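*Asks:*
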Amino acid sequence: MSDTTMTARYVPNRLNNRAHRVLRSWEALLLVVAVGVFVLNSFASPYFLNVWNLSDATYNFTEKGMIAFAMALLIISGEIDLSVASIIALASTAMGLAAQYGAGTPELVMIGLTVGLLCGAFNAFFVTVLGLPSIVVTIGTMSLFRGISYIVLGDGAYGGYPDSFAWFGQGYIYWVFTAEIAIFAVIAVIYGVVLHKTNFGRAVYAIGNNPTGALFSGIRVQRVKFILFLLTGLMSGVAAICLTSRLGSTRPSIAAGMELSVVTMVVLGGINILGGSGSIPGVVIAAFVMGLVTFGLGLLNVPGIVMSIFIGLLLIGVIALPRLWLMIAAKKRSA
Amino acid sequence: MTDHATPVVSMDAITKTFPGVKALDAVQLDLYAGQVTALVGENGAGKSTTVKILTGIYFPDGGTIRIDGEPVTFANANAAADAGITAIHQETVLFDELSVAENIFIGHAPRTRWGLIDKAAMQRAASKLLHDIGATFDPRALLRNLGIANKHLVAVARALSVDARVVIMDEPTAALSHKEIEELYELVETLKKQGKAILFISHKFDEIFRIADRYTVFRDGGLVGTGLISEINEDALIQLMVGRTVDHIFPQRTPNVAEDVLQVVGYAHPTEFADINFTLKRGEILGFYGLVGAGRSEFMQSLFGITKPSKGVCKINGSIRVIRSPADAVANGIVYVPEDRGKQGTIIGLPIFQNITLPSLGRTSKSGFLRLVEEFKLAREYSERLDLRAASLDQDVGNLSGGNQQKVVIAKWLATQPQVIILDEPTKGIDIGSKAAVHEFMAELAAQGLSVIMVSSEIPEVIGMSDRVIVMRDGRIEAELEGDALSPETLVRHAAGISATLMEEA
Amino acid sequence: MVLRHIPIREAILGAAILVLLGVVSTRYSGFIAPANLANVFNDTAPLIILALGQMVVILTRCIDLSVAANLALTGMVVAMLNVAMPGLPIPVILAIAILLGAVMGAINGLLVWKLAIPPIVVTLGTMTIFRGIIFLISEGKWINAHEMSAAFTGFSRAAFLGLPVLSWIAIVTVIVFGMMMSRTALGRSIFAVGGNPHAAVYTGINVGKTQFLAFVLSGALAGLTGYLWVARYAVAYVDIARGFELEVVAACVIGGISIAGGIGSVGGAVLGALFLGVVKNALPVVNISPFWQLAISGSAILIAVAFNARAGRSQGRVILKSAEGSV
Amino acid sequence: EDNMRIALVVKALGIGFFEAAAKGAEEAATELGGVEIIYTGPTDTTAEGQIEVINALIAQNVDAIAISANDTDALVPALKKAMSRGITVISWDSGVASDGRQMHLNPSSNPLIGNMIIKLAADHLPDGGDVAVLSATATATNQNIWIDEMNKVTGEYSGINVVATVYGDDLADKSYREAQGLMASYPNLKAIIAPTTVGIVAAAQAVTDAGKIGEINVTGLALPSEMAGHIESGASKSFAIWNPIDLGYAATMIAYNLAKGTATAEAGKSIPMGRMGEVALDGNSEGAMADPFVYDASNIDAFKSIF
Ligand SMILES: Nc1ncnc2c1ncn2[C@@H]1O[C@H](COP(=O)(O)OP(=O)(O)OP(=O)(O)O)[C@@H](O)[C@H]1O
Ligand SMILES: Nc1ncnc2c1ncn2[C@@H]1O[C@H](COP(=O)(O)OP(=O)(O)OP(=O)(O)O)[C@@H](O)[C@H]1O
Ligand SMILES: [Mg+2]
Ligand SMILES: [Mg+2]
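Residue numbers (this note's numbering), protein chains in the order written: chain A, 8 to 342; chain B, 587 to 1092; chain C, 27 to 353; chain D, 44 to 350.
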């Protein structure tokens, strides 16, 4: 080309080095909060620094966390699933029903996962095939799925799960490490790898930032979204297995209100609720923060409803404070 | 002479910085009553930013705006309108769910005694405005039911609904067809006669020399020259703008056309297009000309798997291929550079390198796992080939100027090593320097054996670049022109559906 | 043609409500007696009022999940005020309720406007915070009927022209909102902000401020409803109207308010609320097992949404001359 | 020097009944001396929420947990763990399956309550008539047991006809609507029995608003403070409840005695409850505290400011 008067400009790969980016990240901020809460807790209660107690405390977030990872991907892609807690109810009901007919642990696990997948597919159908907004669809299926549990169970309860089934929610794999925390960790790693290290994860980010642009770039947008709903359903199934196993019984009201905790965890983890950005490590730290806060306040016998004020403040505060700080800093500079 | 008159509006040492970009650096701009000032500059020179500052959308970081010599500040768009400045913006700033009249008057609707909106008065005023600019549709119609050209007329009517002394037009002709452009020129003349000061932004030089009285040139956010149009010629203006000379001639090509690559037989869609038949040869540049709304983009998008055709067959290298999605199209070597860069072309929010590698991840990755090193390698290769200007490859593509975004989109598709590349209005809204580069590049691609389909509404580009031209009208192929048959007259005639005899009479 | 286009969705929904009434009346004929219908309307009045507030918020591309908590907190505060100062006249109570609700709405609005925090996050947070505050101020105690003054509980059910004041307040709210949405600058800018926020800036509309005002409106209505609710049911405690926010959103969605903003109407929101109201009131009287209720209302939402999407799907452009007549 | 710590875990905080029970627990603590009461519970009435609370209590190594359960079975694993760490666990009000606690204290005997609620309705219907039940959630264990017991004895009240059982989910508005539905569906309805405090208040309000005071009598289980207004207006002629203060007091006393080792929770044994006397355990290690007490216009004023 006629580029005589102009030297081609060199474009570097990256503007900032890795350390620089990590230090400025949401995850770093959240980690500071987590460490802060941990330290505060150890001062506030003499019972906090005890491995067995901490091990018990993990139940406060493990099941929610499992779903939160799948939900994180879904939210990054610009969708949401508010029916997860109801999927748990339906999957648990199905498992309970099967247990009444003498199903063994492997069958129960299969049933829990299958019902989760089916519910995910049902949501996915409305969102990807009929093109309806997911928040609305899943508000509907939230009532529908739990409603089916009520139809099946009424005012009854299912119990009588096989003894071996108790492992998922009550077992330990090694020393203080529970089966649930192990499942949580495995899922975290899998989702971290899928989101951050694979083509699929890249597609999820692309769709979240610009679904039309992603479609025009040759990404099968609807298929990816379908898979994400399936995954969320599947994770709800896994959580249903763990929760049912932990409770040893099923009622239709199981896991009521859990969807909001899951969304809170995801948002606290730095996932942009509008889609397009966020990371799995962020969600992992957020899970620990929420677990630590609720357990710490529990040790101080703070009533649950007051605890929820803290979670609400945390949710808004963690997002608001840095922005406020930037705003004030900008004001100072211009003044 | 007018030079001694006080400008109606003058911008003095205006500076505006965005995170990472100095969009305007102490620029100066004066607009005079009854004169058209053309603002020219490369993509990203800061033209639209200037418009947004003048209309109260952005607040400048430094400098003064004066109206009749008095310093003013605009808190928001209404303040600027109250001061008599109105604009037709580069982006469409209209509301699909509101009626035409409401679109025109939103923010300054006539009120009844009770402070409620006076719908009747508003519709009357809207009717009159629309009538004055030659629009024929009902002001009560919902905007979403209008075509793109009519929407543009609504935007014009909105700008005129303010009793303004200054009218700004940011690339007003980019979406218009020949006839509508002529009407717009007439409107500019009328406004001039009414003594309004006009700021006109365009990348089309014929246009500038036809209607402007003065020019102001920006380069990289700074002022590089200003003066009377009558005292400058095209080459000098381009040199000011780009900072170097640009051969404004289309690249010379020796078509070494070979076998058929793509054959389209009987493509049809229930409402958008019908009976599309043509073949594309290896190494050829095939132009698609037509008026805006002729259905070219619709057809191209169906070839790319976005909209599904109701019938028709597509053969690639002689064998029939079914294309149900863009992913299928890419797999079959067909790629599409869309017209709407912001929405369809780039993925704003992702860094440049990820935009470029998005459709090529299959090659840069290993069994589904990303390999960043390979990605950067690929992105670097193609961004260097296209002379991309950016701070770094991991910068958000949204921070690039329009022209550089277009380069990212083209790089993204070239990296997939396609057989057929469809470029939909590839130089729309692109400055003359980059435009020449794109033309050069297209020629290079064709020479390397890539087949190019170029959709364009610019006659010089169509004639200068294409080996063959297909003209579309109302969703059908009207003519296929080649060699000597390829002239501006024949193109316009077929595109508008005027028979040869009528044309001669006219 | 404008007139022909908009109300089609409302007409269908209206027809659906009539069909529903018809079906219910075959099982229980008393249901469509005017007195009972007036009852159903009065029952649905809080939902209608809240749905109008939510509509305004959704139109600006936001969502307010804190309405039910706002309602409960305002209700508790005015009930406690009534206990402390039984002589406080009702207009003052009304003013306090509206003001308090508006202040809570303003908190949401400010966080959305000034700090640009996504509305769903803000209101998810304030929802739990408001509920918690009720617990803190009431120490978990109930305020019961005998502790409230007769004027306090009597206001919402005093009959006027055959309808309780609660119903009249809903009717007035509908009229005021109808006027506001179609004939005021604020109403039109609410549509503009949701339809195309980017363009709204160019027309001098302050997007954030409009969203802020939408939250204030929604909050004020929630506050108003808070007093009416507590007066009507003559009891205030932490948990009143828990989960009601989703019902309010569902009413809007059924009424064709697009969750993506910019599309919707006052008529739609009202009909959506009435639809849910009729379903909820009909289920107990037609002897459907209570265990079926949840599933039925979930299905109603899904069907309504699928239907609305179909009715609202744009035809796209028609380029082919031959195709023009056929579409 | 170390106080004995007894945790009183309730279904959810913010319910008047449990607040009153907490008062009773404090009273017992004062009486005993050296006892610290931890009054706690989750936000929602869910088993998961209670498990979180129980885990926190186990971590603090409290001496005893006295719980009113949201779910009979789901709490068993967590409470078993508590017992295995040497914590005394009893349930009261709403029970836990026998694996998950050492004993259960019923506020009153279930058959007595079932009989009481129908008797309250029948006493004011000498000629019989239609009555309907407005319950809490369909999954509420104790409500379901009482309704079952009630149905067993309904035949003994001639002319009394139970026409429907509906669920108000312990939500004021839903209960109100269900009550309206009952009045609409059964024009000859003479009484609504609501064995839940939210339900009875809402039903009384619905009857008042429908102008049917005197025509339909609302009765069931409620706190005097909540029903005082409705007794006064006549919407409710009478209702019953056991004294929640006594219940909290008794539960605390039992927990104290079991934790101290001064009593054991075995079938057939008795456990002392301070001023409430002793509770005798049946084969399922359950016992009843006292008979329900009836409140009407004659005695309501004396109690409405107490609980
Ligand atoms: N909102 C914004 N945030 C960040 N950068 C911006 C923003 N708007 C413009 N810029 C940057 O400011 C510079 C000037 O942009 P502007 O839109 O004014 O260019 P232009 O001259 O109108 O270009 P074109 O001919 O492509 O329309 C560009 O580098 C652009 O990327
Ligand atoms: N009514 C409309 N509303 C919004 N956008 C429209 C409308 N009509 C056309 N467009 C857009 O304008 C562009 C041109 O339309 P179309 O594809 O029909 O014509 P074309 O022959 O490709 O014209 P062009 O010369 O612009 O390529 C497309 O991007 C299309 O999406
Ligand atoms: Mg521009
Ligand atoms: Mg086009």
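We put the CB at the ideal spot given by N, CA and C, even for glycine. Small disclaimer: the values here were computed from a predicted structure and weren't measured.
Measuring from the CB of T635(B), is there a heavy atom of ligand 1 at a distance below 7 Å?
*Replies:* Here residue 635(B) refers to the residue found at position 49 when the second sequence is read from its first residue. Yes, ligand 1 has a heavy atom inside 7 Å of this Cβ.
*Asks:* Using a Cβ distance threshold of 8 Å, determine whether the segment 875-890 of chain B contacts the segment 754-769 of chain B, with at least three qualifying pairs required.
*Replies:* yes
*Asks:* At the level of alpha carbons, what is the spacing between F604(B) and S156(A)?
*Replies:* What you label residue 604(B) is simply residue 18 of the second sequence in a count that begins at 1. What you label residue 156(A) is simply residue 149 of the first sequence in a count that begins at 1. About 54 Å.
*Asks:* Check the DSSP bridge columns for T145(A) and list the partner residues they point to.
*Replies:* Walking along the first sequence from the start, residue 145(A) turns up at place 138. None, per the DSSP bridge assignment.
*Asks:* Who are the Cβ neighbours of E269(D) in its own chain at under 7 Å, not counting the five residues just before and after it?
*Replies:* Locating residue 269(D) in the fourth sequence gives position 226, where the first residue counts as 1. So the list reads G59, T240 and V244, once near-sequence residues are dropped.
*Asks:* Apart from the five residues just before and just after G276(A), which ones in its own chain have a Cβ nearer than 6 Å to its Cβ?
*Replies:* Reading the first sequence from its first residue, position 269 is the one you call residue 276(A). Closer than 6 Å at Cβ, skipping near neighbours: G289, V290 and A293.
*Asks:* Spell out whether any CB of chain A is found under 8 Å from the CB atom of R157(C).
*Replies:* One-based indexing of the third sequence puts residue 157(C) at position 131. For R157(C), the answer is yes, since a Cβ of chain A falls inside 8 Å of its Cβ.
*Asks:* On the three-pair Cβ rule with 8 Å, is the segment 675-691 of chain B touching the segment 733-749 of chain B?
*Replies:* yes
*Asks:* Does the beta carbon of I285(C) come closer than 8 Å to any beta carbon on chain A?
*Replies:* Here residue 285(C) refers to the residue found at position 259 of the third sequence. Yes - at least one Cβ of chain A is within 8 Å of the one on I285(C).
*Asks:* Where does I36(D) sit, in a helix, a strand or coil, going by DSSP?
*Replies:* Coverage of chain D is limited to positions 44 through 350, which leaves residue 36(D) absent and any answer about it impossible.
*Asks:* Verify the contact flag: A336(A), CB atom, against every heavy atom of ligand 1, threshold strictly below 7 Å.
*Replies:* Against the first sequence, residue 336(A) aligns to sequence position 329. False, no ligand heavy atom lies under 7 Å from that Cβ.
*Asks:* Quick check: the Cα distance between R128(D) and S52(A), rounded to an integer number of angstroms?
*Replies:* The residue labelled residue 128(D) in the question sits at position 85 within the fourth sequence. The residue labelled residue 52(A) in the question sits at position 45 within the first sequence. Between R128(D) and S52(A), the C-alpha separation is close to 19 Å.
*Asks:* Exposed or buried, which one is R253(A) when buried takes at least 16 other CB atoms within 10 Å?
*Replies:* Along the first sequence, read from residue 1 onward, the residue named residue 253(A) stands at position 246. Looking at its Cβ environment, which holds 16 or more other Cβ atoms inside 10 Å, R253(A) is buried.
*Asks:* Return yes when the C-beta of F561(B) is under 7 Å from any heavy atom of ligand 1, and no when it is not.
*Replies:* No information on residue 561(B) is available, as it lies outside the stretch 587 to 1092 that chain B covers here.
*Asks:* If you measure beta-carbon to beta-carbon, which residues of the segment 59-91 of chain C are closer than 7 Å to chain A?
*Replies:* none
*Asks:* Is any beta-carbon of chain A found at less than 8 Å from that of P85(D)?
*Replies:* Taking the first residue of the fourth sequence as 1, we reach residue 85(D) at position 42. Output row for P85(D): interface = yes.
*Asks:* Please list, in chain order, all residues of the same chain as G255(A) whose beta carbon is under 7 Å from its beta carbon, the five residues on each side excluded.
*Replies:* On the first sequence, position 248 is the one that residue 255(A) refers to. Around G255(A): G166, Y168 and A173.
*Asks:* Tell me whether A106(A), by its Cβ, gets closer than 7 Å to a heavy atom of ligand 1.
*Replies:* The residue labelled residue 106(A) in the question sits at position 99 within the first sequence. Checking the Cβ of A106(A) against ligand 1 gives no.
*Asks:* Please say whether I815(B) and F795(B) have beta carbons closer to each other than 8 Å?
*Replies:* Position 209 of the second sequence, counted from the first residue, corresponds to residue 795(B). Position 229 of the second sequence, counted from the first residue, corresponds to residue 815(B). For F795(B) and I815(B), yes; Cβs fall inside 8 Å.
*Asks:* To the nearest angstrom, report how far apart V83(C) and K140(C) are at their CA atoms.
*Replies:* Indexing the third sequence from 1 puts residue 83(C) at position 57. Indexing the third sequence from 1 puts residue 140(C) at position 114. Going by the C-alpha atoms only, they are around 16 Å apart.
*Asks:* Is DSSP giving K339(A) helix, strand or coil here?
*Replies:* Here residue 339(A) refers to the residue found at position 332 when the first sequence is read from its first residue. Of the three classes helix, strand and coil, the one that applies to K339(A) here is helix, per DSSP.
*Asks:* Quick one: residues in its chain with C-beta nearer than 8 Å to the C-beta of V5(A), no 5 flanking neighbours on either side, listed in chain order?
*Replies:* Outside the displayed range of chain A (8 to 342) lies residue 5(A), so it cannot be described from this structure.
*Asks:* Assuming I754(B) and L785(B) form a contact by the criterion Cβ under 8 Å, report the distance between their Cβ atoms to the nearest whole angstrom.
*Replies:* As a working note, residue 754(B) is residue 168 in the second sequence. As a working note, residue 785(B) is residue 199 in the second sequence. Sure, about 4 Å apart at Cβ, within 8 Å.
*Asks:* Do N629(B) and I1016(B) have their C-beta atoms closer together than 8 Å?
*Replies:* For the purposes of this step, residue 629(B) is identified with residue 43 of the second sequence, where counting begins at 1. For the purposes of this step, residue 1016(B) is identified with residue 430 of the second sequence, where counting begins at 1. In contact: N629(B) and I1016(B) (Cβ atoms closer than 8 Å).
*Asks:* What does V50(C) touch in chain D if you count any residue whose Cβ is under 7 Å from its own?
*Replies:* Here residue 50(C) corresponds to residue number 24 of the third sequence, with the count starting at 1. Those within 7 Å of V50(C) in chain D number zero; the least Cβ separation is about 11 Å.
*Asks:* So if I threshold CB-CB distances at 9 Å, which residues from the segment 149-183 of chain A count as touching chain C?
*Replies:* M149, S150, L151, F152, R153, G154, I155, S156, Y157, I158, V159, L160, G161 and D162
*Asks:* If you run the structure through DSSP and keep just helix, strand and coil, what is A306(D)?
*Replies:* Locating residue 306(D) in the fourth sequence gives position 263, counting from the first residue. If DSSP states are grouped into helix, strand and coil, A306(D) belongs with coil.
*Asks:* May I ask you to list, following chain order, the residues of the segment 243-254 of chain D that have a beta carbon less than 7 Å from some beta carbon of chain C?
*Replies:* Contact annotation: in the segment 243-254 of chain D, residues whose CB is within less than 7 Å of a CB in chain C are V244, A245, Q248 and D252.
*Asks:* Comparing the C-beta of A64(A) with each C-beta of chain D, is any distance below 8 Å?
*Replies:* Here the question's residue 64(A) lines up with position 57 in the first sequence. A64(A) has a beta carbon lying within less than 8 Å of a beta carbon in chain D.
*Asks:* Suppose only complete runs of 3+ residues qualify. What are the beta strand (DSSP E) ranges in the segment 896-958 of chain B, listed by chain order?
*Replies:* Complete beta strand (DSSP E) runs here, min 3: 897-902, 905-907 and 920-923.
*Asks:* Measuring only from the beta carbon, is Q621(B) closer than 7 Å to any heavy atom that is part of ligand 1?
*Replies:* Translated into positions along the second sequence, residue 621(B) becomes position 35. No, Cβ of Q621(B) sits at least 7 Å from all heavy atoms of ligand 1.
*Asks:* Residues of chain B with CB closer than 9 Å to the CB of S141(A), please, in chain order.
*Replies:* Against the first sequence, residue 141(A) aligns to sequence position 134. Those within 9 Å of S141(A) in chain B number zero; the least Cβ separation is about 20 Å.
*Asks:* Starting from the N-terminal side, write out each stretch of the alpha helix (DSSP H) that is 4 residues or longer and does not extend beyond the segment 831-894 of chain B.
*Replies:* 882-889
*Asks:* Residues of chain A with a CB under 8 Å from the CB of P120(D): which are they?
*Replies:* Residue numbering aside, residue 120(D) sits at position 77 when the fourth sequence is read from its first letter. In chain order: A173, G176, Q177, R253, L254 and G255.
*Asks:* Which residues in the same chain have their Cβ closer than 6 Å to the Cβ of S367(C), if we skip the five residues on either side of it in sequence?
*Replies:* The displayed coordinates of chain C run from 27 to 353. Any statement about residue 367(C) would go beyond what the structure contains.
*Asks:* What residue from G954(B), A997(B) and L958(B) has the CA that sits closest to R975(B)'s CA?
*Replies:* Reading the second sequence from its first residue, position 389 is the one you call residue 975(B). Among G954(B), A997(B) and L958(B), the Cα nearest to that of R975(B) is on A997(B).
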